[in-house]
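Read the structure below first, then the notes.
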Amino acid sequence: MRVLIVDDQAVNRQQLSQMVTEFGYRVLTVNNAQQAIEIFPDFAPDIVLLDVLMPGKKGGEVAPVLKELAGQVHLPILFITALDDKRTLLRCLESGGDDFISKPFDPVVLSAKLKAHMRTRKLSQSLEEKNRSLAYHSSRMEREYRIVRHIFRNALDRDLSDYPHLNTLFMPLSVFNGDVLLTARGPLGNLYIFMGDFTGHGLAAAIGTLPASQTFYAMTAHGAPVSEIVREMNKRLTQLLPEDMFCAAILLELSSSGERISYWNGGMTPPSLIAPDGGYVMELQPQHVALGILEPEVFDAGIDSLSVPFGSRVVLLTDGLSELEPTEGKMLTSQGVLEILADHGWDFSKASAFVRSLVEHVQQRDDITLAVLECVPTGLKQVEDSEALSTMPFSVSTELRGEEVRKHDPVARLLRALSPIEGFKPHSFALFTLLSETYNNAIDHGLLRMDSSLKQSFDGFERYYHERDRRLAELSEGAVRIEMEYVPAESRLYVTVKDSGEGFNPSQVAQRDGEFSFGRGLSLVQELAESVHWEDEGRCIRFVYAFNSVTEMTH
Amino acid sequence: MNLYTEYSSDRQQFIIRVKGKFDFSMVQEFRQSYSELGDEPVTVVVDFRETEYIDSAALGMLLNMRKSLSGNPRTIQLINCRPEIRKILDISRFDKLFQID
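Here it is as structure tokens:
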């Protein structure tokens, strides 16, 4: 402990210095205010004994300066005075002094006073240290919060926030939300909505939304069915979450047509289905326990699905809203939420403004999420970029003989070769059907001499394929040839499929066969191809596929 | 395996999904998938979401299913049909025989 003594009288300095040194403190003495200020930073005293009356700056003037130099930590200043002038004493104390010692100095009193003020000083010091460390931790935490918030935003905000037929209201209790609402579109234009409510709230609850969202986005991008997505989410959450944490959730899919909803509900407040006219239809009841509880082997991914008329609505909400108590002891309930929506004419922004105003007056105890989905055609089907057709002409052919026919699947093989060609991808479906029909016709009727009428009888369909397998297994001679020529100048693909069979009359086949026949296949070929014709008594079929059939038709 | 089946949680619907190619190579598997249904009065749903290609053999399989389940008046729904699949179904006028979404 260091004590600074400021006094212009040598006698005082000497007496005090001696006493204070004897108490075991380090002492520095100076004889005026200016010196005191100068040495202050170096000596860094814990207590100052300051003379009231000195030449130059008086004690009362210098006290605030020294206090300032001491910074945040309390610096006790004890005035040295011979005065028993109460007014001066009072002024000294007002100017920042903490106490005074009067002459003649009494060592017992001085020691006691120094000890008492040292205690205050130490208290202040430790407080200051705590403040500093608190400030450090709080700024560190703020930094971490910022980073985590950034990660959450990036992880969760990939959704279709501008999708016009879904309105949402989020009111998290803190920065981080234990409620999660994710939306995504599938490749077919299906809309997926995941609403989850993790146990608790704040960061601890929000952390689970990360793995859940990653799984959701990865699987919806492939158009996976609801059951597979929840199965995978449950697997990940069961693996990751501590035992006392789980996620009540609903995953809902609206078909691209807007006419069908499929859902899996695990312990979530049941969403309500509302008719186009606003009438109540039903609740989408939870059929399962929440995600993150059951091991994959016992997890039940069973979904429910139903057809919904155009303009129906699904109202999804978390229990933070249904269990809100606008009046003490009386919960809002899902019914109450529907009434709010109806009262505001299903104008979502008005209804959510009303919900916000409700929350202003009562204690919000949990994260709140509300979403209203309108069941209309989603319009989310991604229009594939129509890549310009390749301008490189090519021709390709393959001929399979005897057992090669058994071993190979030339349709799949050719299609794999064609699909990557610029502009071919959107046509690969039609090309598959065309090639599959004509090639299988050549095999079935040309090489294997199958009789389509077999398919007519009750179990004939399977018998037909049994018989086909049997004959194929015995096939040892005969050949099928596929030739393709691509003419970019015409945007056409010319295809020929020939077989070495005995030939047949295709027009008779088409007429003779009923429901199960190549007749059906032939009509597909006729619809999908620009032109089809037979040659060589049915041993050869030629068709032309026009890549831009619309423009070609004007020729 | 390219064929998946599941019941809806209320067991009112039986869902069949075919992944990839839906052609004659699926004949056996497809037949087996619904053979266990017996007399259960469920709606059968064929989900085409992951079906890449179909040909007339697939159409035959669907008709065959309809025929073999017809002892029981029930609906067969064909769902998540991409425009290409829809076109094939339309050419064969399947909209008269099935519920297509």
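Sequences listed follow chains P and E, in order.
Residues are numbered in the numbering used here as their position in the first sequence, beginning at 1, plus a constant of 580.
Residues are numbered in the numbering used here as their position in the second sequence, beginning at 1, plus a constant of 876.
Beta carbons: idealized from backbone N, C-alpha and C, even for Gly.
* **Residue-chain proximity (E:Arg962, chain P), Cβ-Cβ < 8 Å** => The count along the second sequence starts at 1 and reaches residue 962 of chain E at position 86. Output row for E:Arg962: interface = no.
* Shorter than 8 Å from the beta carbon of E:Val903 to some beta carbon of chain P? -> Residue numbering aside, residue 903 of chain E sits at position 27 when the second sequence is read from its first letter. Answer yes: the Cβ-Cβ gap between E:Val903 and chain P drops below 8 Å somewhere.
* P:Cys955 versus P:Gly858, P:Glu1082, P:Leu596 and P:Thr907, residue with shortest Cα-Cα distance -> On the first sequence, residue 955 of chain P is found 375 positions in, with the first residue counted as 1. Nearest C-alpha to P:Cys955: P:Gly858.
* Out of curiosity, what's the CA-to-CA distance linking P:Phe732 and P:Asn814? -> Counted from its first residue, the first sequence places residue 732 of chain P at position 152. Counted from its first residue, the first sequence places residue 814 of chain P at position 234. Cα to Cα, P:Phe732 sits roughly 20 Å from P:Asn814.
* To do: Kindly say whether P:Ser1032, judged by its beta-carbon, lies nearer than 8 Å to any beta-carbon of chain E.
  => Position 452 of the first sequence, counted from the first residue, corresponds to residue 1032 of chain P. The beta carbon of P:Ser1032 does not come within 8 Å of any beta carbon belonging to chain E, so the residue lies off that interface.
* To do: Would you please verify whether the beta carbon of P:Ala933 is less than 8 Å from any beta carbon of chain E?
  => Stepping through the first sequence from its first residue, residue 933 of chain P is reached at position 353. No, its Cβ sits nowhere closer than 8 Å to a Cβ of chain E.
* To do: Please list the segments of the alpha helix (DSSP H) lying wholly inside the segment 889–946 of chain P, counting only runs of 4 or more residues, in order along the chain.
  => 899–902, 913–923 and 928–941
* Please work out which residues of its chain come closer than 7 Å, Cβ to Cβ, to P:Met1133, disregarding the five sequence neighbours upstream and downstream, and give them in chain order. => By one-based count along the first sequence, residue 1133 of chain P stands at place 553. Only weak support is given to the placement of P:Met1133: the predicted model assigns it a pLDDT of 35, under 50, and the value that follows is read from those uncertain coordinates. Nothing meets the Cβ criterion.
* To do: Could you work out which residue in P:Leu834, P:Pro1000, P:Ser937 and P:Leu994 is closest to P:Phe553 when comparing CA atoms only?
  => Lying before the first or after the last residue shown, residue 553 of chain P is absent from chain P, which here runs from 581 to 1135.
* According to DSSP, is E:Gly896 helix, strand or coil? -> In the second sequence, the residue the question calls residue 896 of chain E occupies position 20. Correct three-state label for E:Gly896: strand.
* Hey, could you find the ends of the beta strand (DSSP E) P:Cys1120 is sitting in? => Within the first sequence, the letter at position 540 stands for residue 1120 of chain P. Its beta strand (DSSP E) spans residues Cys1120 to Ala1126.
* **P:Leu655 (DSSP reduced to helix, strand or coil)** => Numbered from 1 along the first sequence, position 75 holds the residue referred to as residue 655 of chain P. If DSSP states are grouped into helix, strand and coil, P:Leu655 belongs with coil.
* Would you verify that the beta carbon of E:Asn940 is, or is not, closer than 8 Å to some beta carbon of chain P? => Looking up residue 940 of chain E in the second sequence gives position 64. Yes, its Cβ sits closer than 8 Å to a Cβ of chain P.
* Asked: Roughly how many angstroms separate the alpha carbons of P:Arg1122 and P:Leu969, rounded to a whole number?
  -> Within the first sequence, numbered from 1, the residue matching residue 1122 of chain P stands at position 542. Within the first sequence, numbered from 1, the residue matching residue 969 of chain P stands at position 389. When rounded, the distance between both Cα atoms is 22 Å.
* To do: Using a Cβ-Cβ cut-off of less than 9 Å, give me the residues of the segment 876–898 of chain P that come near chain E, in sequence order.
  => Asp880, Ala881, Gly882, Ile883, Asp884, Ser885 and Ser887
* Under 8 Å, do P:Leu649 and P:Leu596 count as touching if we go by C-beta distance? -> For the purposes of this step, residue 649 of chain P is taken as the residue at position 69 of the first sequence. For the purposes of this step, residue 596 of chain P is taken as the residue at position 16 of the first sequence. For P:Leu649 and P:Leu596, no; Cβs fall outside 8 Å.
* Limits of the unbroken alpha helix (DSSP H) element including P:Val591 -> Position 11 of the first sequence, counted from the start, is the residue given in the question as residue 591 of chain P. First-last of the alpha helix (DSSP H) with P:Val591: Ala590 to Glu602.
* Give every residue of the same chain whose Cβ lies closer than 6 Å to the Cβ of E:Thr881, excluding the five residues on either side of it in the sequence, and list them in chain order. => Here residue 881 of chain E refers to the residue found at position 5 when the second sequence is read from its first residue. Excluding residues within five positions, the ones whose Cβ falls inside 6 Å are Ile892 and Ser909.
* Asked: Using a threshold of 7 Å, is the CB atom of P:Leu690 nearer than that to any non-hydrogen atom of the ligand ADP?
  -> This structure simply doesn't include the ligand ADP, nor any ligand for that matter.
* **Per-residue burial, P:Pro644 [other beta carbons within 10 Å of its own, 16 or more giving buried]** => The sequence position of residue 644 of chain P within the first sequence is 64, counting from 1. By the neighbour-count rule (16 or more Cβ atoms within 10 Å), P:Pro644 is not buried but exposed.
* Using only alpha-carbon positions, find the residue among P:Leu1108, P:Glu1057 and P:Asp947 that is nearest to P:Ala1010. => Walking along the first sequence from the start, residue 1010 of chain P turns up at place 430. For the residues P:Leu1108, P:Glu1057 and P:Asp947, the minimum Cα distance to P:Ala1010 belongs to P:Leu1108.
* Asked: Counting contacts by CB-CB distance shorter than 8 Å, is P:Leu921 in contact with chain E?
  -> On the first sequence, position 341 is the one that residue 921 of chain P refers to. Chain E, which has no Cβ nearer than 8 Å to the Cβ of P:Leu921, makes this no.
* **Interface residues of chain E facing P:Ser835 [CB-CB closer than 8 Å]** => In the first sequence, residue 835 of chain P corresponds to position 255, counting from 1. Result: Ile955, Asn956 and Asp977.
* **Contact with chain P by E:Tyr929, beta-carbon distance below 8 Å** => Looking up residue 929 of chain E in the second sequence gives position 53. Yes, E:Tyr929 counts as interfacial toward chain P.
* To do: Indicate whether at least one CB of chain P lies closer than 8 Å to the CB of E:Ser909.
  => In the second sequence, counting from the first residue as 1, residue 909 of chain E sits at position 33. Not one chain P Cβ lies under 8 Å of E:Ser909.
* So, is the C-beta of E:Arg925 closer than 8 Å to a C-beta in chain P? -> What you label residue 925 of chain E is simply residue 49 of the second sequence in a count that begins at 1. Answer yes: the Cβ-Cβ gap between E:Arg925 and chain P drops below 8 Å somewhere.
* Asked: Can you name the start and end residues of the beta strand (DSSP E) that P:Cys827 belongs to?
  -> Residue 827 of chain P sits at position 247 when you count from the first residue of the first sequence. Per DSSP, P:Cys827 belongs to the beta strand (DSSP E) from Cys827 to Leu834.
* Asked: In chain P, which residues lie with their C-beta within 9 Å of the C-beta of E:Glu882?
  -> Translated into positions along the second sequence, residue 882 of chain E becomes position 6. By Cβ distance, chain P contributes Pro805, Ser807, Ala881, Gly882 and Ile883.
* Asked: DSSP on P:Gln962, reduced to helix/strand/coil?
  -> Stepping through the first sequence from its first residue, residue 962 of chain P is reached at position 382. Annotated three-state conformation of P:Gln962 is coil, per DSSP.
* **According to DSSP, residues forming a beta bridge with P:Lys1078** => In the first sequence, residue 1078 of chain P corresponds to position 498, counting from 1. Per DSSP, P:Arg1061 and P:Cys1120.
* Helix or strand or just coil, what does DSSP make of P:Val810? -> Against the first sequence, residue 810 of chain P aligns to sequence position 230. Note: P:Val810 maps to helix in three-state DSSP.
* Asked: Tell me which same chain residues have a C-beta within less than 8 Å of the C-beta of P:Met1030, skipping the five on either side of it?
  -> Here residue 1030 of chain P is taken as the residue at index 450 of the first sequence, counted from 1. Counting only Cβ-Cβ distances below 8 Å, and skipping sequence neighbours, we find Asp1024, Tyr1044, Glu1047, Arg1048 and Arg1051.
* On a CA-only basis, which of P:Thr795, P:Gly769, P:Phe623 and P:Leu669 is nearest P:Asp631? Give me that one, please. => Position 51 of the first sequence holds residue 631 of chain P. Residue P:Leu669 is the option with its Cα nearest to P:Asp631.
* To do: Taking C-beta pairs closer than 9 Å, name the residues in chain E that P:Leu1027 reaches, listed in chain order.
  => Taking the first residue of the first sequence as 1, we reach residue 1027 of chain P at position 447. Per Cβ cutoff of 9 Å: no residues; P:Leu1027 is ~15 Å from chain E at best.
* Asked: Assuming P:Arg582 contacts P:Ala624 under a Cβ cut-off of 8 Å, what Cβ separation, rounded to an integer in Å, is found between them?
  -> Counting from one through the first sequence, the residue named residue 582 of chain P turns up at place 2. Counting from one through the first sequence, the residue named residue 624 of chain P turns up at place 44. The Cβ separation is near 7 Å, so the contact holds.
* To do: Note the first and the last residue of the continuous alpha helix (DSSP H) segment covering P:Gln794.
  => The residue labelled residue 794 of chain P in the question sits at position 214 within the first sequence. Run containing P:Gln794: Thr789 to Thr800, per the alpha helix (DSSP H) assignment.
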